[in-house]
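**Q** Before I ask anything, let me first share the structure, which is written out below as structure tokens.
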Amino acid sequence: MNNNNIDRPSASQLTATDLELFTSSYGIRKLTATGMGLRASYQLNRTKTALSFQQLNPEYFSSFVLEMRQPMLRAAGIDYNRSVINITKNDRRISDHAFRRQIRDTIRSVEELYWRLEQARRDVLITARLLADFEAVYEYLLARQEFDITPVQIAATKADLEQSHAEFIIKRNTVFDAEDRLIAAMNSSDVDLADDIEIIPTDLPRLAPLTLDRLSEVQVAIDNRQEIKEQALRVASAKITVGRAKSDELPKFDVTFRTTFDGLSGTADRSFDELSRNKFHEYFVGVELEVPIGNRAPKAAHYRARLQHDQAVASLKKTIEDVILDANIAVRKVLTTFDAIGPNFESANSREREVQSIVARAERKDLNTLNSELAARRGLATARRNMLSAMVEYNIAIIDLQRAKGTLLVNHNITVPHLAD
Numbered sequence: 001m002n003n004n005n006i007d008r009p010s011a012s013q014l015t016a017t018d019l020e021l022f023t024s025s026y027g028i029r030k031l032t033a034t035g036m037g038l039r040a041s042y043q044l045n046r047t048k049t050a051l052s053f054q055q056l057n058p059e060y061f062s063s064f065v066l067e068m069r070q071p072m073l074r075a076a077g078i079d080y081n082r083s084v085i086n087i088t089k090n091d092r093r094i095s096d097h098a099f100r101r102q103i104r105d106t107i108r109s110v111e112e113l114y115w116r117l118e119q120a121r122r123d124v125l126i127t128a129r130l131l132a133d134f135e136a137v138y139e140y141l142l143a144r145q146e147f148d149i150t151p152v153q154i155a156a157t158k159a160d161l162e163q164s165h166a167e168f169i170i171k172r173n174t175v176f177d178a179e180d181r182l183i184a185a186m187n188s189s190d191v192d193l194a195d196d197i198e199i200i201p202t203d204l205p206r207l208a209p210l211t212l213d214r215l216s217e218v219q220v221a222i223d224n225r226q227e228i229k230e231q232a233l234r235v236a237s238a239k240i241t242v243g244r245a246k247s248d249e250l251p252k253f254d255v256t257f258r259t260t261f262d263g264l265s266g267t268a269d270r271s272f273d274e275l276s277r278n279k280f281h282e283y284f285v286g287v288e289l290e291v292p293i294g295n296r297a298p299k300a301a302h303y304r305a306r307l308q309h310d311q312a313v314a315s316l317k318k319t320i321e322d323v324i325l326d327a328n329i330a331v332r333k334v335l336t337t338f339d340a341i342g343p344n345f346e347s348a349n350s351r352e353r354e355v356q357s358i359v360a361r362a363e364r365k366d367l368n369t370l371n372s373e374l375a376a377r378r379g380l381a382t383a384r385r386n387m388l389s390a391m392v393e394y395n396i397a398i399i400d401l402q403r404a405k406g407t408l409l410v411n412h413n414i415t416v417p418h419l420a421d
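In structure tokens, the structure reads:
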């Protein structure tokens, strides 16, 4: 709506010097999938003047306009006019896949921290057993210091004992750090870092072997990994952009049809009544042709769009190769870590038999025998740590394999609802 008051001198009696123009327009516009622009509008104009020759003062002029404008070359067709919608849908799907990938990585991180906490707690037990053995040997040497044990030997044993005690303190602190990392990764409303709580893992490490076929695992990874789906959608969006840029490179050729119904009277409602009688109507048919000279900007945009599409295709190939590499490494890691459990288990058993043998053969525990026993117990603790590490790494390798295949959410029965298209 516009209101224009004009007060200016005139050299002709047929031209008003005082004029008030009020214009208003109401309507709707719609762009169809083919690119056709539809418009329906009602216009009401009011003219008031001091001109004596004006028969209607004020004058109300009503018009109802129907217009159709159809592009025939540039910006024509369903593909072009739905391109922005389709690209936006692809962006939404990419965000959906990225969200699922973030959930997957978070679950993987939480599971690894869980098994690291399990490893840290069991490592504390191993270190506590070794510390208890050192304390027993030290107490035994103190009891014999008046007979055959020198102060130097006691001091050396005391140094080893304190070193073992310091190691126990560090291992215990590792448990606290592992608990805090797990709590922070879970980000649960039920558990807070400020709470003084203790997390005790209840699940035991999995020791059963997995039957794996590398090609099958790779195919599952290609079918399920979010990264491939995201990049495939980027390729589709780039292809749509190429088609849109190609259309923008075409000449402009538009066809327009417009019909107008008019009404004139001294009041607004009577002018509308005159319009509805359909006594006065106009028709307009137009053709607009535009052929840009050179057309360098659209051509450059088309060339850039094709390059971006080629880049997206190359990135998709690289993503597939990365997924295959990730799956291959994950499969080998599962097989390797499982194969390492057996030797570490046998090593721990052998070390334990070594300790039992030394203890059983020693009728009189002299210093050399005690040192041999302590060395054997250190070896046993190391073997137990290695066995524990192999078990934990095997379970983490299983998680990594599920992540590499893109099936981690499915294996944990986690459902993320899809957003509506």
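Under this note's numbering, think of the first position of the sequence shown as 1, with each following residue one higher.
Where is the CB? At the ideal position from N, CA and C, for every residue including glycine.
Since the structure is predicted, the reported quantities are computational estimates derived from the model, not experimental observations.
#1: Report yes if the C-beta of G243 is less than 7 Å from at least one heavy atom of the ligand ADP; otherwise report no.
#2: Using a Cβ-Cβ cutoff of less than 6 Å, which residues in the same chain neighbour L401 once the five nearest sequence positions on both sides are dropped?
#3: Using 8 Å as the Cβ pair cut-off and three pairs as the minimum, do the region 60-78 and the region 252-270 touch?
#4: Say whether the region 44-54 touches the region 208-216, bearing in mind that this needs 3 or more beta-carbon pairs closer than 8 Å, one atom from each stretch.
#5: Would you give the residue range spanned by the beta strand (DSSP E) that M186 belongs to?
#6: Consult DSSP for M387 and reduce its assignment to one of helix, strand or coil.
#7: Return the residue from the list K405, Q308, L380 that minimises the CA-CA distance to L130.
#8: Consult DSSP for Q70 and reduce its assignment to one of helix, strand or coil.
#9: When DSSP labels each residue in this structure, what does F147 get in the three-state scheme?
#10: Assuming E227 and T319 form a contact by the criterion Cβ under 8 Å, report the distance between their Cβ atoms to the nearest whole angstrom.
#11: On the three-state DSSP scale, how would you describe N3?
#12: May I ask which residues mark the beginning and end of the alpha helix (DSSP H) holding V218?
#13: Name the DSSP beta bridge partners of N45, please?
#14: Check for me: the beta strand (DSSP E) holding E290 runs from which residue to which?
#15: Rounding to the nearest angstrom, what Cα-Cα distance links A420 and L388 in this structure?
#16: Does the region 170-187 come close enough to the region 140-156 that 3 or more CB-CB pairs lie under 8 Å?
#17: Please list the terminal residues of the continuous alpha helix (DSSP H) segment that includes L275.
#18: In the DSSP assignment, what residue or residues form a beta bridge with G379?
#19: Decide if the region 256-272 is in contact with the region 61-73; the criterion is three or more beta carbon pairs, one per stretch, under 8 Å apart.
#20: Express the C-alpha separation of I94 and D123 in angstroms, rounding to a whole number.
#21: Find the nearest neighbour of P201 within the set Y114, S271, S237, A236, judged by alpha-carbon distance.
#22: Is the beta carbon of R100 less than 8 Å from the beta carbon of V416?
#23: Could you tell me if K279 is buried or exposed, where buried requires 16 or more neighbouring beta carbons within 10 angstroms of its beta carbon?
#24: Specify, as a first and last residue, the run of the beta strand (DSSP E) that V255 falls within.
#25: Leaving aside the five residues before and after I398 along the sequence, list all residues of the same chain whose C-beta is less than 8 Å from its C-beta, in chain order.
#26: Count the other CB atoms, across all protein chains shown, that sit within 10 Å of the CB of A33; report buried if there are 16 or more and exposed otherwise.
#27: Once DSSP output is grouped into helix, strand and coil, what is the label at I94?
#28: Would R8 be called buried (16 or more neighbouring beta carbons within 10 Å of its own) or exposed?
#29: Mind checking whether A132 and A178 have CB atoms under 8 Å apart?
#30: Within this structure, are the beta carbons of V235 and L316 separated by less than 8 Å?
#31: Let me confirm a value: M1 is counted as buried when at least 16 other C-beta atoms fall within 10 Å, else exposed. Which label applies?
#32: Span of the alpha helix (DSSP H) holding L408?
#33: Grouping DSSP H, G and I as helix and E and B as strand, with all else coil, what is R436?
#34: My guess is that S357 and A383 are in contact by the Cβ rule of under 8 Å, so how many angstroms apart are they, rounded?
#35: Am I right that I199 and L117 are in contact with their C-beta atoms under 8 Å? What's the rounded C-beta distance?
**A** So, to answer that:
#1: Summarising the ligand content, the structure contains no ligands, and the ligand ADP is consequently not present.
#2: Numbered from 1 along the sequence shown, position 401 holds the residue referred to as residue 401. These residues qualify, in order along the chain: A330, V334.
#3: yes
#4: no
#5: Here residue 186 is taken as the residue at index 186 of the sequence shown, counted from 1. That residue, M186, is in no beta strand (DSSP E); its alpha helix (DSSP H) goes 151-186.
#6: Stepping through the sequence shown from its first residue, residue 387 is reached at position 387. Of the three classes helix, strand and coil, the one that applies to M387 here is helix, per DSSP.
#7: If you number the sequence shown from 1, residue 130 lands on position 130. Ranking K405, Q308, L380 by Cα distance to L130 puts L380 first.
#8: Position 70 of the sequence shown, counted from the first residue, corresponds to residue 70. In this structure, Q70 counts as strand in the three-state DSSP scheme.
#9: As a working mapping, residue 147 is identified with position 147 in the sequence shown. In this structure, F147 counts as coil in the three-state DSSP scheme.
#10: For the purposes of this step, residue 227 is taken as the residue at position 227 of the sequence shown. For the purposes of this step, residue 319 is taken as the residue at position 319 of the sequence shown. Yes, E227 and T319 are in contact; Cβ-Cβ is about 5 Å, under 8 Å.
#11: Taking the first residue of the sequence shown as 1, we reach residue 3 at position 3. Looking at N3 - three-state DSSP - the assignment turns out to be strand.
#12: As a position in the sequence shown, residue 218 is number 218, starting the count at 1. Residues 214-224.
#13: Looking up residue 45 in the sequence shown gives position 45. T23, F61.
#14: Position 290 of the sequence shown, counted from the first residue, corresponds to residue 290. 280-290 is the span of the beta strand (DSSP E), which, as asked, contains E290.
#15: Here residue 420 is taken as the residue at index 420 of the sequence shown, counted from 1. Here residue 388 is taken as the residue at index 388 of the sequence shown, counted from 1. Low confidence applies here, because A420 scores a pLDDT of 49, under 50, leaving its location unreliable; read the following figure in that light. Each residue's alpha carbon lies about 47 Å from the other.
#16: no
#17: As a first step, residue 275 is located in the sequence shown; it is residue number 275 there, counting from the start. Where L275 is concerned, the enclosing alpha helix (DSSP H) stretches over 268-276.
#18: Walking along the sequence shown from the start, residue 379 turns up at place 379. For G379, which the question treats as bridged, DSSP gives no partner whatsoever.
#19: yes
#20: On the sequence shown, residue 123 is found 123 positions in, with the first residue counted as 1. On the sequence shown, residue 94 is found 94 positions in, with the first residue counted as 1. Distance between the alpha carbons of D123 and I94 is about 43 Å.
#21: Position 201 of the sequence shown holds residue 201. If we check each option's Cα against that of P201, Y114 comes out closest.
#22: For the purposes of this step, residue 100 is taken as residue 100 along the sequence shown, with counting starting at 1. For the purposes of this step, residue 416 is taken as residue 416 along the sequence shown, with counting starting at 1. Contact: yes.
#23: Your numbering for residue 279 matches position 279 in the sequence shown. Exposed: under 16 other Cβ atoms inside 10 Å.
#24: One-based indexing of the sequence shown puts residue 255 at position 255. Run containing V255: 252-265, per the beta strand (DSSP E) assignment.
#25: On the sequence shown, position 398 is the one that residue 398 refers to. Hits under 8 Å: R206, L210, V334.
#26: The residue you call residue 33 lines up with position 33 of the sequence shown. The residue in question, A33, is exposed, as its Cβ has fewer than 16 Cβ neighbours within 10 Å.
#27: In the sequence shown, the residue the question calls residue 94 occupies position 94. Looking at I94 - three-state DSSP - the assignment turns out to be helix.
#28: In the sequence shown, residue 8 corresponds to position 8, counting from 1. Under this definition R8 is an exposed residue.
#29: Within the sequence shown, the letter at position 132 stands for residue 132. Within the sequence shown, the letter at position 178 stands for residue 178. The answer is no: Cβ separation not under 8 Å.
#30: Here residue 235 refers to the residue found at position 235 when the sequence shown is read from its first residue. Here residue 316 refers to the residue found at position 316 when the sequence shown is read from its first residue. In this structure, L316 lies closer than 8 Å to V235 by Cβ.
#31: The sequence position of residue 1 within the sequence shown is 1, counting from 1. The residue is exposed, with fewer than 16 neighbouring Cβ atoms inside 10 Å.
#32: As a first step, residue 408 must be located in the sequence shown, where it is residue number 408. Run containing L408: 408-411, per the alpha helix (DSSP H) assignment.
#33: There is simply no residue 436 to check, as the chain begins at 1 and stops at 421 in what is shown.
#34: As a first step, residue 357 must be located in the sequence shown, where it is residue number 357. As a first step, residue 383 must be located in the sequence shown, where it is residue number 383. Not really, about 15 Å apart at Cβ, beyond 8 Å.
#35: Walking along the sequence shown from the start, residue 199 turns up at place 199. Walking along the sequence shown from the start, residue 117 turns up at place 117. Sure, about 6 Å apart at Cβ, within 8 Å.
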